[in-house]
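The next block holds one structure in the form of structure tokens; read it before the comments.
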Amino acid sequence: MTKQHAFTREDLLRCSRGELFGPGNAQLPAPNMLMVDRITHISEEGGKYGKGELVAELDITPDLWFFACHFEGDPVMPGCLGLDAMWQLVGFFLGWQGLPGRGRALGSGEVKFFGQVLPQAKKVTYNIHIKRVLKGKLNMAIADGSVSVDGREIYTAEGLRVGVFTSTDNF
12 MTKQHAFTRE DLLRCSRGEL FGPGNAQLPA PNMLMVDRIT HISEEGGKYG KGELVAELDI
72 TPDLWFFACH FEGDPVMPGC LGLDAMWQLV GFFLGWQGLP GRGRALGSGE VKFFGQVLPQ
132 AKKVTYNIHI KRVLKGKLNM AIADGSVSVD GREIYTAEGL RVGVFTSTDN F
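Numbering of the sequence shown is given in the working numbering, commencing with residue 12 and proceeding in unit increments.
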């Protein structure tokens, strides 16, 4: 069976309902926490490390929920939402790889913010470069990522770690 290499918003919404990778496996969050509108490219090869990559996008409109509350009179997308989107995509990669279990962010190395997403922006692009995938007792991916707005890089994160767990009872 050939793997799908791009996903629409409807595909991502199916993933948020647990319908894409099967019950008990990797899910994306539902709106409003779903920070991706589409995955334009996903591959087990390529990227900076030759171990896989993802490119995804989020359309920006002034009526997005976070602009109304962060901050009043000075609307900006919270940087933590861009970081969470990168974790979401690393977890999606694990589900796409067929690894069983529920995804959990496990941390990151250095994160840098040097720009912002404002209501007048048009598109956020996420680039994820898979560094390593561990398969076995622990199924986990380690990746580097970046967030760009309208073509300008504004955040980077190194060592994004996400695991998938068949039981989260002792987590």
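Quick reminder that beta carbons are idealized off the backbone N, C-alpha and C, glycines included. None of these values were measured; they are calculated from a predicted model.
In angstroms with no decimal places, state the Cα-to-Cα distance between A79 and C26. Position 68 of the sequence shown, counting from 1, holds the residue named residue 79. Position 15 of the sequence shown, counting from 1, holds the residue named residue 26. In a straight line, the C-alpha of A79 is about 27 Å away from that of C26.
Can you tell me whether G93 is helix, strand or coil according to DSSP? As a working mapping, residue 93 is identified with position 82 in the sequence shown. Helix, per DSSP.
Would you list the residues sitting across from L145 in a DSSP beta bridge? Residue 145 sits at position 134 when you count from the first residue of the sequence shown. Answer is M151, bridged to L145.
Exposure of L105, with buried meaning 16 or more beta-carbon neighbours within 10 Å: Residue mapping note: residue 105 aligns to position 94 of the sequence shown, counting from 1. Taking all protein chains shown into account, L105 has 16 or more neighbouring C-beta atoms within 10 Å of its C-beta and is therefore buried.
Would you grab the beta carbon distance between D48 and L31 for me? Rounded to a whole angstrom, and I think it's under 8 Å. Mapped onto the sequence shown, residue 48 falls at position 37. Mapped onto the sequence shown, residue 31 falls at position 20. Going by Cβ atoms, the distance from D48 to L31 rounds to 16 Å, so no, they are not a contact pair.
My output table needs one value for R49: the three-state DSSP class, helix, strand or coil. Locating residue 49 in the sequence shown gives position 38, where the first residue counts as 1. Assignment of R49 by DSSP, reduced to helix, strand and coil, places it in the strand class.
Please report the Cβ distance between T13 and R113, rounded to the nearest whole angstrom; I am assuming they are in contact, meaning their Cβ atoms lie under 8 Å. As a working mapping, residue 13 is identified with position 2 in the sequence shown. As a working mapping, residue 113 is identified with position 102 in the sequence shown. T13 to R113, Cβ: 26 Å. No contact.
Exposed or buried, which one is R172 when buried takes at least 16 other CB atoms within 10 Å? In the sequence shown, the residue the question calls residue 172 occupies position 161. With 16 or more neighbouring CB atoms inside 10 Å of its own CB, R172 falls in the buried class.
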